[in-house]
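Asker:
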Amino acid sequence: MGISCLVKPKSEFNVSVSFGRYFQVPISEDASNEGKRLKKGEFEYVRKHYLIDDIVIKLENDKIVVNYGALSLIDKRQVRLVLLKGEEAEENDQLNNGIILSVVKRNYKLSEEEKHIVSISLLNRLNPNGANLKDPEYSIFQSEIKCYSEKMIFQPFLDELDLNKLENREDLSNKLLYGDYKKFASGHGCSATWQEAENQKLKARNWISTAYIPKFEVLENDFTPKEIEVNNLDILDLKLLSGEEFSKNGFSKDEMILKLNKFVEYYKKWIQKQREELSDRVKNLGYPESNYKALKDVGERNLNVCEDLYHRMERGIQILNEDIDVFQVFIDSNRAMFIQRVMSHYTKYRLNKEGNFIVPDEKNDQALPDFSNYPKEEYEEFQKFTASWRPFQLAFLLSQIEGMRNPESSDRETVDLIWFSTGGGKTEAYLGLIAMYILNRRVRSKKETGDPNNGAGVAAIMRYTLRLLIKQQYERATPLILACELIRKSKPQYYGSKPISIGIWVGKSLTPNKRTEKGEDSSGFEQSFEKLKSNPNIKTKYSLPFYSCPACGTSLIQKKVKSKLIGEWGCFGIKQKGKETPPYYLHCTNTKCDFHIPEEKRGDEKYVSNNGFPIFFIDEDIYENKPSLIFSTVDKFASINWNSDCYKLFNLESNLGKMINTNPPPELIIQDELHLISSSLGTVVAVYEMAIESFCTQKYKPKIVSATATVKNAEMQCRLLYGRSSYQQFPPPGISSDDSFFSRKKIWDKEKSTNNIPQGRKYIGIQPSGFTNTVAQIRLVSTLMQNTPTISEPNNEYDNYYTNLIYFNTIKELGKFRTLLMDDITANKKFLSLSCGETKTLDKGYRDDEFFELSSQLDADDITKNLNMLEKASLPDEKIKENCLKLYELGIRKYNDLSKGGEHWNREFKSKFNNEEIFKKLGIEGYVHSSNEKVIQDNKEKFEKFVIESFFTKDLIVPQVVAATNMISVGIDIARFNVMQITGQPKTHSEYIQASSRCGRTFPGIVITTFNPAKNRDRSHYEEFIDYHQGYYRFVEATSVTPYALPALEKSLDAVCFSLANVKFFNGAKSTMWVEELRVFLDETKELIFSRIDSSRKNFDAFSESDINNWKDNVKVKLDDLKDYWAKHSLTHQRSYMPEYSDFSNFLKPDKRMKNIEDALYVMSEMKEKDVSLEEKKSCMTSMRSVEVSIPITLKN
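Numbering-wise (numbering that gives the first Met the number 0), the sequence shown opens with residue 0 and increments by one.
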C-alpha cells in the first residue's frame, strides 16, 4: 500500500508509519476470547503496535534524501528504507526480508512550474520464501502512512494544459465551476485523505494520509438564499400566493407584484456581485496565467445566461401585472399546489393515527379539512406542515409565464432543462407548471371562443423511462389534479364544466390496455377485478392504481383479516348501451370525502364523471376521456403506428374523412430524467419525436421542459432530441458550482453548530484485502442486520435506519445475493449473535417476509405492494420505555421478531434467554430453572408476555433488507432509505449519483460502497474516493443521441412517415392505397425533417456543415427508398392497403388471420425476426427499446 503527493523542489516533510502485528501467545489459565472459552495449552492472539514517526524526506539538488535517526539515504529516483528487519534476515539481505518503506520521485509533466510526484509505499517482505502465507505473524494489519509538515507544501494535482485549446464549452465551464475541488494525494491499494477536505479555499495542504475506509460527507444544498430568507421569505408561501380570495392573509395583487419584483431583484444583485468577483476567482484557482482569459470568457458567458433568466422572470411579473386572466391562473395554480400539500399531509396524519389501513365506517369517515384554515394544531403535532416554494421553483414558474400566455413567443421554441441536484425539488417545479398550463388554456379558450370547455382535452404529457418511476410520480401528481378539479368546480365560469383529469398510459405490464379481454390469457381489467372481489388476497395481473384515497387516505380496497372482509372497493363499472364492457370509475369510500359517489348515484354517468376521482388507468377509458394530464413511458408512443386510438391523445378525431382537433393539441411536454433518454433508446425517441411534435402542433409548437440531475452535453442532446433552435439550463451556472444563487453549498461546522446533523449522506468506501468481495459482502450485511438493532436508541429514531437498501448492478448479482442471504449471511449472523458483546443477542434467522425486492423481475402489482409497504412500515412505539431499552440490548425491536420465528425462536430462547440472569436483567418475575420442557415453555410465555406488554403494536412486518437494481435509481423517494450499500461501482457516474441519492432524502443517510479489487475501475474509484466524491457531478459522462445516422433512420423513419401519412394525408382512413400525391406529401415530410435539422444547428457551433449535409443525405436516401417501396408494393398487390390497426396485434401468432399479411405495407419487428419469408418486408417497432435483433432459442431436448 502507498500514497503519492505533489511537492515543489527543495520541499521537506515528515513521514510517520504505523501498523500492527499479531502473535500467538499460549494461555496459562482459562480465559475468554471473543465469547469462545479457551483452555490451558491453547493460543490466543495478542496485538503489538508499531509506530515509526521520525522519518524525514527532503528533495535536494534533484535527489531524494531520506533521514531516519542517524541513517541518511540518498538517490536520484528511489530510496528504500528498512523499518523492521525479518527475524532471519541477513545483514546484506534486509531489503528482501523485512518491512520496507519505498520512496520514489518523478517529474510532474502537466505543470509549467517545476514540481515532483513523490510516491511513498510500505512493502511487506517478512516472508521472502512464501511459506505459511496465511500465518498472521507474517502479515501486517491496520497500516497507515501519514506525511506532514509545518508548512503548506502538498500541492494540488492540477491539469495545467492550455485551456484555450479546449473545444468543448462545457468542459471549460466545469474547470471554472469545480476549480475549488482539488486532489492533494492518491492512494495505491488504499485510499487517500488530506487536511480539512471541506475547506476548499486553501491552495495547499500540510498533511496527507492513507485511509483504508475513506469517508466523505455530501450535505444537502441550501436552497434558500440568505438574501431572501432574511428579507422576503413570505413570498415563497403557497397560501399567501393563493391570493386574498382564498386566505384572509393572502397577498393582494399589488402586494404580490411588489414582493415578486423584490424577489428577482435579489437575483440581479447576485449576478452583479459574481461579475465583480470573477477576476479574483480565476486568479485564485491556481491555473497558469495563460488560461485566465479562457476562464473569464466562460464565466462571462455563464453570467450572460443568468441575465437572460433575470429578464424572463421580469417579463413574467410584468405579464402578471398587466393580464388579469394570467394573474388569476397564477394564484389558482399556487392554490392547487397548496391544496396538494394539505392532502399529502392530512393523508399521512390520518394513516399514522388510524393505522395504515383506514376502514370506511361511521367512526372513521371525515370530511376534507378546510384548506384555507389548514393546519390545525393536532396535525402539526404529528408532523410539521410546510407549504412553500423553494426559490428556484418560484423563479422557474415566473420564467415560463411568457411562453404559457403567448404560444407564438420565442419562449415556446426554447427547450428548458431543469438541472438541479437530486432531491432538490424538480418534480414540484414542473407540477406547478402543469397546473398553470391546464388552467390557462381553459381561460384562454373562454377569451377566444367564449367557452372554457374548448380548452379541455389533453393539455400536458409527462414522459418517463421506467415504470417504477411512473408509479411514485403519478401518486405525487394525482393530488394536484384533484386540487385543480376542486378549484374548477368552485370556478366553472373560468375553468368550465369538463373535469380536470389525469391518466396513466404505460403498457400492459403496469396498466390494462382493455377493460376486458377474452381467451385463456385474459389480461383485461375486468377479469382481474372480479377475481379480487372474490378474494382480495389473491394475486392478479392488475389492481387499482391506488390503495388509498389521495385526498383523505381512506382505503380503496378490501382486505381479508382472519377470514373476515374489511373495507370497500373504491371502483365500479357503469353498464352502457352498445358497450359490451362498462367503463370503470374510481371514487373514495369515505362518505364525507368530496370524491365519494353515493350508491344510489352510481348508475348516473354524468354525476359520476363529475364527482368521482378524475383518474383513468385503462387505455380504452383514456382514449375516450382525453385526460388533462397524461403520464406515460416514452416507448409507449411506439403504439401510434399500431393503434389508431392513440391519435386521440393529441386531441385528434376523424370526422367526415377529415382529421380535426376537437380541442387544441397538448401544449406542454415534460421529459423527466433526461439522462436516460440516450444511446439507442434516445436515438429512436428522437426520430419518433418528429411525428409527436407534428401532432402537437396546430398553429404553434408545444412547450418542452426536461429535468435531470446528471447529464453532460445537455444542449446537444436536447437539440438532437427535439429539433429546437434554443436551449436554456435552469438555473444557469454562475462562476462556482457551490453557488448558483438558488442552490448553495451548505457549510456545517461540527464544533460550533448547535443544530442537529444536517440532511445529506456520508459516503464510506470499503475494498476487501486478503479475501473476496463476496466474503466482504457477507460480513458487512450480516453485521448491519445483526448488530445495529442492539443500538440503545428508541424505535422512533432507530426506525429510519432499520431498513438496509442494497443496490446491485445486474439481476444476476441480485439473484446471487438472495442465495447468500438465505445461507452464508444467516450463518454469519448466528455467529455474531453469540460472539459480539457481553450479552448474546437474538438471531432471527432468515426471514422471507422481511426481504423485499425492487427490480424489473417483479410485476406491477408486486411493485405497488412493495412500495406501499416501504412507505408505510415502521417499528412499533414503546409502551413501557424502560422495558424496551433492555430488549434493544438483546436485539429485540418488535414482538414480530419472536412470533414469526417458529421452531427457530424456540431454539433461540432455550439457548440464550432461558436463564435467571436475563430474566433478572429484564425484570421478569417467576423464572423457574428446570430442564423440563413444560417449565421451559412457561418461561418462554412469560418472556413473550413481557415483550408484548412493552410495545404498542403486536403484529408488524418491517422490511430489513431491500435488494434493488438500477430500477430504483430515479424517482424513488422513501423516507426509510437511510442505510444503503452499493456493491461495485455502477457502470456510469450518473447511475452512481442517482442511485446513492435515494438514501438520506429525509434524514441523514449513510452509503457504503464495496469495491472489487479484481476490477480496475472499482479499484481506481476506491483509491481516488475523496477526490471523486467532493465534486462527483463534474465526472458525469456525455450522453449520445444520433437520430440522423443511417442505422437509426432505417429502424424508425418508416414508422414515423406512416404515422404522419395516416393523420396528415389519409386523415385516419384505414386504406393506404398508393397515389402519386403521396410523393408530394413525403417530399414535404422530408422538408419538415430538414427544418428540424437546421433548427438544431441554429446558434450552436457543435455541428459542422458536413454533419448537417450527411444527415440530410441520409434522410433523403431513406425517403426515396420508402417512396419506391410503397409504389412497387402497390403494383404487386392490386388492393394495397394497411390492415386495420387493431388487426396487427393478431400477427404475433401464426393462424388464419395472417392470410393478408403479404399485402401489409409493414410488419412488426418481432415477426420479421421470426419469419424468414418476411425478409423483404418493412418492419416497424412495437417498443422503442426493441432496437437490437433478438434470436429466439427453443429447447428441443
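A virtual CB, placed ideally from N, CA and C, is assigned to each residue, including glycine.
Since this is a predicted model, take the numbers as computed values, not measurements.
Decide if R1096 is buried, meaning its Cβ has at least 16 other Cβ atoms within 10 Å, or exposed.
Answerer: If you number the sequence shown from 1, residue 1096 lands on position 1097. So R1096 ends up on the buried side.
Asker: Are the beta-carbon atoms belonging to F615 and G502 less than 7 Å from one another?
Answerer: Along the sequence shown, one-based indexing puts residue 615 at 616. Along the sequence shown, one-based indexing puts residue 502 at 503. Cβ atoms of F615 and G502: closer than 7 Å.
Asker: One question on the structure: do C998 and N965 come within less than 7 Å of each other, judged by their Cβ atoms?
Answerer: Translated into positions along the sequence shown, residue 998 becomes position 999. Translated into positions along the sequence shown, residue 965 becomes position 966. Taking 7 Å as the cut-off, the Cβ atoms of C998 and N965 do not count as close.
Asker: Whose C-beta lies closer than 7 Å to the C-beta of R204 among residues of the same chain, with five residues either side of it excluded?
Answerer: What you label residue 204 is simply residue 205 of the sequence shown in a count that begins at 1. Counting only Cβ-Cβ distances below 7 Å, and skipping sequence neighbours, we find M151, F153, F183, W193, Q194.
Asker: Between which two residues does the beta strand (DSSP E) harbouring L308 extend?
Answerer: Translated into the one-based positions of the sequence shown, residue 308 becomes position 309. Element bounds for L308: not the beta strand (DSSP E) but the alpha helix (DSSP H), 291 to 321.
Asker: What is the residue span of the alpha helix (DSSP H) that T192 lies within?
Answerer: Numbered from 1 along the sequence shown, position 193 holds the residue referred to as residue 192. Element bounds for T192: not the alpha helix (DSSP H) but the beta strand (DSSP E), 190 to 193.
Asker: Let me check one thing: in DSSP terms, what residues is K843 bridge-paired to?
Answerer: For this step, residue 843 is matched to residue 844 along the sequence shown. According to DSSP, K843 bridges with nothing at all.
Asker: What are the start and end residues of each continuous beta strand (DSSP E) run of 3 or more residues lying completely inside the region 606 to 632, in chain order?
Answerer: 628 to 632
Asker: Can the beta-carbon of V263 be found closer than 7 Å to that of M312?
Answerer: Residue mapping note: residue 263 aligns to position 264 of the sequence shown, counting from 1. Residue mapping note: residue 312 aligns to position 313 of the sequence shown, counting from 1. A contact, by the Cβ cut-off of 7 Å.
Asker: Pairing CB atoms from the region 456 to 463 with CB atoms from the region 656 to 671, are three or more of them under 8 Å?
Answerer: yes
Asker: Quick one: what does DSSP say R1091 is sitting in, helix, strand or coil?
Answerer: Within the sequence shown, the letter at position 1092 stands for residue 1091. The answer is helix: DSSP assigns R1091 an H, G or I state.
Asker: On the DSSP letters alone, give me the boundaries of the beta strand (DSSP E) that F571 sits inside.
Answerer: Taking the first residue of the sequence shown as position 1, residue 571 is located at position 572. Run containing F571: 570 to 572, per the beta strand (DSSP E) assignment.
Asker: Look up R723 in the DSSP assignment and say whether it is helix, strand or coil.
Answerer: Counting from 1 along the sequence shown, the entry for residue 723 is found at position 724. Looking at R723 - three-state DSSP - the assignment turns out to be coil, as it is neither helix nor strand.
Asker: State the start and end residues of the unbroken alpha helix (DSSP H) segment that holds Q273.
Answerer: Position 274 of the sequence shown, counting from 1, holds the residue named residue 273. Taken as a continuous stretch (DSSP letters only), the alpha helix (DSSP H) holding Q273 covers 252 to 283.
Asker: Would the beta-carbon of L302 fall within 7 Å of that of I270?
Answerer: For this step, residue 302 is matched to residue 303 along the sequence shown. For this step, residue 270 is matched to residue 271 along the sequence shown. Closer than 7 Å, so yes.
Asker: Would you mind giving the Cβ-Cβ distance between V45 and L468, rounded to the nearest angstrom? I have them listed as a contact below 8 Å.
Answerer: Counting from one through the sequence shown, the residue named residue 45 turns up at place 46. Counting from one through the sequence shown, the residue named residue 468 turns up at place 469. Not a contact, Cβ separation roughly 55 Å.
Asker: In the region 793 to 846, which residue ranges form an unbroken alpha helix (DSSP H) of at least 4 residues, counting only runs that do not cross its ends?
Answerer: 794 to 797, 810 to 821, 823 to 834
Asker: What separation, rounded to the nearest whole angstrom, lies between the Cα atoms of E166 and N13?
Answerer: Counting from one through the sequence shown, the residue named residue 166 turns up at place 167. Counting from one through the sequence shown, the residue named residue 13 turns up at place 14. Spanning the two alpha carbons is a distance of roughly 42 Å.
Asker: Here's the rule: buried if 16 or more other CB atoms are within 10 angstroms of the residue's CB, otherwise exposed. What is W747?
Answerer: Along the sequence shown, read from residue 1 onward, the residue named residue 747 stands at position 748. With fewer than 16 other Cβ atoms within 10 Å, it is exposed.
Asker: For N123 versus I144, is the C-beta spacing smaller than 7 Å?
Answerer: As a first step, residue 123 is located in the sequence shown; it is residue number 124 there, counting from the start. As a first step, residue 144 is located in the sequence shown; it is residue number 145 there, counting from the start. No, Cβ-Cβ distance for N123 and I144 is not below 7 Å.
Asker: Quick check on DSSP: helix, strand or coil for W1073?
Answerer: Your numbering for residue 1073 matches position 1074 in the sequence shown. Residue state, collapsed to three classes: coil.
Asker: Under 7 Å Cβ to Cβ from N173, same chain only, skipping five residues before and after it: list those, please.
Answerer: As a working mapping, residue 173 is identified with position 174 in the sequence shown. R1033, listed in sequence order.
Asker: How many Å lie between N106 and S148 at the Cα?
Answerer: Numbered from 1 along the sequence shown, position 107 holds the residue referred to as residue 106. Numbered from 1 along the sequence shown, position 149 holds the residue referred to as residue 148. If I take the Cα positions, the gap works out to 21 Å.
Asker: What are the boundary residues of the beta strand (DSSP E) that K57 is part of?
Answerer: Start at 1 with the first residue of the sequence shown, and residue 57 comes out as number 58. 42 to 59 is the span of the beta strand (DSSP E), which, as asked, contains K57.
Asker: Quick check on DSSP: helix, strand or coil for C4?
Answerer: Taking the sequence shown and counting its residues from 1, one reaches residue 4 at position 5. Of the three classes helix, strand and coil, the one that applies to C4 here is strand, per DSSP.
Asker: If you follow the alpha helix (DSSP H) that K448 is part of, which residue opens it and which one closes it?
Answerer: Here residue 448 refers to the residue found at position 449 of the sequence shown. A small fix is needed here, since residue 448 is Thr in this sequence, not Lys. Per DSSP, T448 belongs to the alpha helix (DSSP H) from 425 to 448.
Asker: For K896, name the three-state secondary structure that DSSP assigns.
Answerer: Position 897 of the sequence shown holds residue 896. Reading off the sequence shown, one finds Asp at residue 896, where the question assumed Lys. Here D896 sits in helix by DSSP.
Asker: Need the endpoints of the alpha helix (DSSP H) that G402 sits in, please.
Answerer: The residue you call residue 402 lines up with position 403 of the sequence shown. Annotation for G402: the continuous alpha helix (DSSP H) segment containing it runs 390 to 404.
Asker: What three-state label does DSSP hand Y1140 in the structure shown?
Answerer: Indexing the sequence shown from 1 puts residue 1140 at position 1141. Because Y1140 sits at a pLDDT of 39, beneath the cut-off of 50, its placement in the model cannot be relied upon, and the point is left open.
Asker: So, with DSSP's three-state summary, where would you put H903?
Answerer: For the purposes of this step, residue 903 is taken as residue 904 along the sequence shown, with counting starting at 1. Looking at H903 - three-state DSSP - the assignment turns out to be helix.
Asker: Check whether the region 1028 to 1044 touches the region 219 to 230, taking contact to mean three or more Cβ pairs, one atom from each stretch, closer than 8 Å.
Answerer: no
Asker: Our contact map puts T553 next to T588 with C-beta atoms below 8 Å; I'd like the distance itself, whole angstroms only.
Answerer: As a first step, residue 553 must be located in the sequence shown, where it is residue number 554. As a first step, residue 588 must be located in the sequence shown, where it is residue number 589. Rounded, the Cβ-Cβ distance is 6 Å, consistent with contact.
Asker: Can you tell me whether DSSP reads D1150 as helix, strand or coil?
Answerer: As a first step, residue 1150 is located in the sequence shown; it is residue number 1151 there, counting from the start. Confidence is the limiting factor: at D1150 the pLDDT is only 33, short of 50, which leaves the residue's position unreliable and the question unanswerable from this model.
Asker: Using 8 Å as the Cβ pair cut-off and three pairs as the minimum, do the region 620 to 639 and the region 421 to 428 touch?
Answerer: no
Asker: Please find out if some non-hydrogen atom of the ligand GDP comes closer than 6 Å to the beta-carbon of A1013.
Answerer: Ligands are entirely absent from the displayed structure, and the ligand GDP is therefore not among its contents.
Asker: So, is C4 buried or exposed, given that buried needs 16 or more other C-beta atoms within 10 angstroms?
Answerer: Start at 1 with the first residue of the sequence shown, and residue 4 comes out as number 5. With 16 or more other Cβ atoms within 10 Å, it is buried.
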